[in-house]
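Asks: Going line by line, the protein sequences match chains G and S.
All letters in the first sequence, in the order written, are residues 1 to 340 by this note's numbering.
All letters in the second sequence, in the order written, are residues 341 to 807 by this note's numbering.
Following this message is one structure expressed as structure tokens.
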Amino acid sequence: MTTLTLGLDFVLIWTIILGVGVFFYVLLDGFDLGVGILFGLAPDTASRNLAMNSIAPIWDGNETWLVLGSMGLLAAFPVAFAIIMPAVYFPISVMVLSLIFRGVAFEFRYRDSEHRSLWDHGFNYGSLLATFAQGIVLGAFVQGFRTDGYVFTGSSLDCFTPFSVLVGVCLVFGYALLGAGWLVLKTDGRMQSWARALGRWAFLGVCVAILLVSIWTSIAFPDIRSRWFSWPDIALLTPVPIVTAVVAWLEWRTLNRADSEAGPFIGAVALFALSYLGIGISLFPYVVPHRLTLWQAAANPSAQVFLLIGTLFLLPVILMYTGYSYWVFRGKVRTDVGYH
Amino acid sequence: MRLDPLILSRLQFAWVIGWHILLPAFTIGLASFIAAMEGAHIITGREVLFRISSFWIKIFSVAFGMGVVSGIVMPFQFGTNWSRYSADTANILAPLFAYEGIVAFFLEAAFLGVLLFGRKLVPRWAHFVAALMVALGTLFSAFWILSANSWMQTPQGYTIVDGRFFAVDWLAVVFNPSFPYRFAHTVCASYITTGFVVLSVGAWLMRKGQFAEEGRLMFSITLWLLLLLVPLQIFLGDQHGLNTLEYQPAKLAAIEGDFRTETPTRLNLFAIPDQNAATDRFDIAIPQLGSIILTHSWNGTVKGLDQFPRQDWPTVIFPFFAFRIMVGVGLLMLALVIWANWMRRGGRLFRSAHLLRLFEFTAPLGFIAVIAGWVTTETGRQPWTVYGLLRTVDSVSPSLTGWDVLVSLLGYIIAYAVIFPSGWIVMSRIVRRGPEVMVAEDEEVESGRPGHPITELPALRTGAETQ
């Protein structure tokens with residue numbers, strides 16, 4: 001198998017695949033989890049139905065990225081997987097349990113209408129908790145884990161720190177902003193104005209959170225601080241926060257325009273992309289931050305190549321089809337289509 | 341009391357996969373059944389086949405959705421509770437798991453949507469192709485996950501460096517010795533499980549009378565299929581057992597309850613295995629039958645557990661009893677299927693209210709056998725996660741405390757105790773409504789997904805006209 005490697009750096013290829021895959025997950029499940037978060041604030045049954053309809057055909061495809069992401073991490077960076085997963089034991093358990101409740105709610109709230117309020121709450125709190133738990137995972141990931149070689153040596157409660165809780169809250173606002181952008185895109189009239197108003201609140205939350213997390217990170221983690229503030233990196237990286245500020249300003253403007261349609265969603269996606277880039281810059285080349293680099297945690301080339309063969313064939317097809325199904329369901333959701 | 345994270349992690353894994361496995365056991369068979377009905381409908385043009393297919397697609401949709409969400413739990417279990425197993429085996433098993441996920445995704449994204457709510461958007465042949473691809477997709481998923489499972493039972497094609505497994509021959513890894521048998525036995529089990537659910541629903545529809553035509557046809561077709569599948573499964577099970585004898589002799593000895601090596605070997609029908617005393621109590625055995633079944637010779641020797649060190653023994657009662665439940669249910673199925681087919685003579689089959697009433701209760705049979713078979717093979721593999729190479733005790737995440745796992749286990753127990761009965765209620769509701777009503781209600785779209793994603797399409801208007 002090693003003869004097959006031809007001097008290609010498979011670690012880098014898998015980093016790109018996983019990086020893109022995780023970003024896809026965050027965006028796609030992000031907006032439908034966000035719709036689930038806003039769902040609890042919806043004024044009446046009709047708008048709750050509409051919110052649900054807007055994501056019904058695509059949520060399960062979105063969630064499958066999570067399985068691909070976790071299996072991809074295990075396959076490409078097994079050591080990282082084996083350190084990170086037990087370290088975030090509780091947030092991961094809470095996340096999958098929340099996703100179960102939220103997932104079955106789609107079918108159950110229509111076929112088991114006596115218990116509709118149970119499934120409505122399951123959908124709402126499931127979305128909220130899954131998001132918060134993902135934020136805890138991200139926060140714990142950035143702050144790092146106690147390890148000895150390739151083994152996590154901390155406790156299952158290490159991941160709950162003020163920092164990770166802050167990141168959790170940050171992600172709730174972030175997904176809510178994505179969800180609001182999605183609803184502005186997919187609905188009109190009263191529902192759209194409602195989504196826009198909530199979007200503004202979510203946006204303010206996101207701005208405060210991004211600011212707090214950035215400051216906290218640069219104070220608490222010297223290696224990340226030196227990445228951003230040492231010469232010549234600072235010259236190369238200064239555009240990132242500047243562009244982020246400009247995008248934030250544009251997002252605020254479009255959220256305040258009564259005729260905005262796609263703007264709020266695109267702006268939210270851009271903010272996520274920039275934050276994601278920021279995290280990537282802060283942590284590269286670590287896959288277990290402050291401890292193990294991508295190359296140290298990587299699987300051996302034989303396993304990476306074996307999986308790459310199928311992935312390179314199937315992933316483009318999956319991407320094309322995903323794009324196609326979004327195209328099929330384009331346009332506004334209507335009250336006369338979907339659930340009743 | 342000291343809580344053992346190992347035992348609790350095993351309980352948790354057993355709990356989440358035990359529930360999860362019920363769904364693929366059902367949907368693998370159901371996907372093929374739906375594809376067969378769609379195909380038969382295109383060939384014969386009979387509308388009743390179309391109604392049967394549409395009816396089961398509704399149930400498939402719920403079962404598949406539950407399979408997806410309970411399946412998301414599984415990969416995370418490996419990381420959270422079995423991190424050392426993950427780290428040591430990832431270079432071999434992770435690509436297999438990942439292929440399972442990617443194939444499932446491929447089918448999910450590409451064809452499930454068309455199958456579930458594309459009825460009026462695409463021509464019938466395209467809908468049939470979607471059904472066929474979904475069925476194929478479930479089989480490919482089973483292929484990869486069972487390949488990984490089989491490798492843990494009968495590892496080959498690997499080398500061990502610094503305590504971690506690396507592949508040297510991927511073909512040998514994927515097609516390891518127990519894989520062909522396990523794959524055939526599991527897929528057949530899934531078909532039979534679905535078959536008995538269909539029989540049960542068909543019998544109920546017939547007795548109720550309103551959809552007797554649909555009920556009678558699905559019952560009759562399935563009964564013929566099972567006349568082939570149940571004996572085939574018994575044959576496959578026998579072959580699988582011989583494979584276990586060759587590659588996992590200690591597991592087989594536990595299944596048979598053979599603590600001592602005997603020539604010729606008897607067959608224990610029943611016993612209370614006493615692991616500490618290394619003997620069977622209250623045993624009822626048939627002399628020589630063990631030799632005949634397992635070595636296919638009159639005086640063959642089957643190794644007993646006394647040939648293996650004690651620390652390599654599985655806990656005998658689990659595989660011993662689970663195996664007997666599986667075989668018992670299998671024989672009951674065989675008797676039911678032969679009897680019902682016999683009743684076809686003179687048309688007594690559909691006139692016998694007693695028979696139909698009895699078959700209404702056959703739906704759980706396949707699930708019981710599947711769970712029992714799974715318990716047999718997984719507890720029989722103990723005390724190893726990778727047979728003979730990696731111990732279960734060395735596989736668990738070192739950082740976990742008993743309380744950690746107790747809390748998460750309680751969470752999973754409560755969640756599944758809500759979700760699965762609700763899923764059951766939802767599916768029985770679909771059954772109670774019957775086939776025809778469901779087709780008419782398509783216009784009202786009360787399913788979990790929008791029925792007509794593109795409202796402008798003329799297909800919608802045609803759909804409305806059929807009301």
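Cβ atoms here follow ideal geometry from the backbone N, Cα and C, with glycine treated the same way.
Checking 8 Å against the spacing of the C-beta atoms, do F329/G and I58/G come in under that value?
Replies: In contact: F329/G and I58/G (Cβ atoms closer than 8 Å).
Asks: If I'm right that G126/G touches G36/G with Cβ under 8 Å, what's the distance once you round it to whole angstroms?
Replies: Contact holds; Cβ gap of about 7 Å.
Asks: What residues of chain G sit near N431/S, judged by a beta carbon separation below 8 Å?
Replies: Ordered by position in chain G, the residues that pass the 8 Å Cβ test against N431/S are P78, A299, N300, S302 and A303.
Asks: Taking the straight line between their C-alpha atoms, what separation do you get for K460/S and F451/S?
Replies: Spanning the two alpha carbons is a distance of roughly 15 Å.
Asks: What are the boundary residues of the alpha helix (DSSP H) that P613/S is part of?
Replies: Segment L607 to D614 is the beta strand (DSSP E) holding P613/S; no alpha helix (DSSP H) there.
Asks: Report all residues from its chain with a CB closer than 8 Å to the CB of R685/S; omit the five preceding and five following residues, and keep chain order.
Replies: Excluding positions up to five away in sequence, the list is empty.
Asks: Closer than 8 Å, Cβ to Cβ, to anything on chain G: give me those residues from the stretch 684-708 of chain S, in chain order.
Replies: Hits within the stretch: zero.
Asks: What does a CB cutoff of less than 6 Å around L138/G pick up in its chain, not counting 5 residues either side in sequence?
Replies: Cβ neighbours of L138/G beyond the five flanking positions: V167.
Asks: What separation, rounded to the nearest whole angstrom, lies between the Cα atoms of L592/S and R600/S?
Replies: Approximately 13 Å between the Cα atoms of the pair.
Asks: How would you list, in chain order, the residues of chain S whose beta-carbon sits under 8 Å from the beta-carbon of A195/G?
Replies: Near A195/G there are no residues of chain S at all, since even the closest Cβ is about 19 Å away, more than 8 Å.
Asks: Check distances from the C-beta atoms of the stretch 735-752 of chain S to those of chain G and list, in chain order, the residues that come in under 8 Å.
Replies: Flagged, chain order: S737, P738, S739, L740, T741, D744, V747, S748, G751 and Y752.
Asks: Taking one C-beta from the stretch 409-427 of chain S and one from the stretch 82-96 of chain G each time, how about it: are there three or more such pairs within less than 8 Å?
Replies: Counting Cβ pairs under 8 Å, three or more are found: they touch.
Asks: Using three-state DSSP, classify D782/S as helix, strand or coil.
Replies: Legend: pLDDT at D782/S = 46, less than 50; position of this residue unreliable, value from coordinates given subsequently. Note: D782/S maps to coil in three-state DSSP.
Asks: Over the uninterrupted beta strand (DSSP E) stretch that includes R200/G, give me the two end residues.
Replies: Segment G189 to A220 is the alpha helix (DSSP H) holding R200/G; no beta strand (DSSP E) there.
Asks: Which residues in chain S have a C-beta closer than 9 Å to the C-beta of F101/G? List them in chain order.
Replies: Chain S residues near F101/G: V409, A755, V758 and I759.
Asks: Name, going along the chain, the residues of the stretch 106-119 of chain G whose beta-carbon falls closer than 7 Å to a beta-carbon of chain S.
Replies: Result list: F106, E107, F108, Y110, R111 and D112.
Asks: How big is the Cα-Cα spacing for G189/G and A46/G?
Replies: C-alpha separation (whole angstroms): 13 Å.
Asks: I want to know whether the stretch 689-701 of chain S touches the stretch 744-763 of chain S - three or more CB-CB distances under 8 Å.
Replies: Cβ pair count under 8 Å is below three, so no.
Asks: Classify A380/S as helix, strand or coil using the three-state DSSP reduction.
Replies: Note: A380/S maps to helix in three-state DSSP.
Asks: Which chain S residues are close to T311/G, counting only those with a beta carbon under 7 Å from its beta carbon?
Replies: The contacting residues are I442.
Asks: Would you please state the rounded distance, in angstroms, between the beta carbons of I808/S and V67/G? I believe it to be under 8 Å.
Replies: Any question about residue 808/S goes unanswered here, given that chain S covers just 341 to 807.
Asks: Please name the residue or residues paired with D620/S in a DSSP beta bridge.
Replies: According to DSSP, which records beta bridges pairwise, D620/S is partnered with P613/S.
Asks: Measuring alpha carbon to alpha carbon, tell me which of L157/G, Y25/G, F106/G and I279/G ends up nearest R342/G.
Replies: For residue 342/G there is no data in the structure shown, the boundaries of chain G being 1 and 340.
Asks: Under 6 Å Cβ to Cβ from D509/S, same chain only, skipping five residues before and after it: list those, please.
Replies: If we look at D509/S and ignore the five residues flanking it on each side, its Cβ neighbours are G497.
Asks: Which of the three DSSP states, helix, strand or coil, is assigned to Y727/S?
Replies: Coil, per DSSP.
Asks: Can you tell which of P520/S, W653/S and P604/S has its C-alpha closest to the C-alpha of G728/S?
Replies: Ranking P520/S, W653/S and P604/S by Cα distance to G728/S puts W653/S first.
Asks: So that I know if they touch, is there some Cβ in chain G lying closer than 8 Å to that of T406/S?
Replies: One detail in the question is off: residue 406/S reads as Met in this sequence, not Thr. Answer yes: the Cβ-Cβ gap between M406/S and chain G drops below 8 Å somewhere.
Asks: What number of angstroms, rounded off, separates the C-alpha of H381/S from the C-alpha of E387/S?
Replies: Taking the straight line joining both Cα atoms gives about 7 Å.
Asks: Roughly how many angstroms lie between the CA atoms of A693/S and R772/S, to the nearest whole one?
Replies: Roughly 19 Å between the two C-alpha positions.
Asks: Examine chain S for any beta-carbon lying closer than 8 Å to the beta-carbon of T153/G, and answer yes or no.
Replies: Chain S, which has a Cβ nearer than 8 Å to the Cβ of T153/G, makes this yes.
Asks: Taking DSSP as the reference, what is the three-state secondary structure of A466/S?
Replies: Reduced to three states, the DSSP call for A466/S is helix.
Asks: Can you check whether the C-beta of A371/S is within less than 8 Å of a C-beta belonging to chain G?
Replies: False, the Cβ-Cβ gap to chain G never drops below 8 Å.
Asks: What do you get for S637/S, buried or exposed, if any count of 16 or more other CB atoms within 10 angstroms of its CB means buried?
Replies: By the neighbour-count rule (16 or more Cβ atoms within 10 Å), S637/S is not buried but exposed.
Asks: For chain G, check one thing: does any of its Cβ atoms lie closer than 8 Å to the Cβ of R621/S?
Replies: Answer no: the Cβ-Cβ gap between R621/S and chain G never drops below 8 Å.
Asks: For a test of the three-state rule: what should DSSP assign to T601/S, helix, strand or coil?
Replies: Reduced to three states, the DSSP call for T601/S is coil.
Asks: In chain G, which residues lie less than 7 Å from Y498/S when you measure between Cβ atoms?
Replies: Here the premise fails: no neighbours, minimum Cβ distance about 11 Å.
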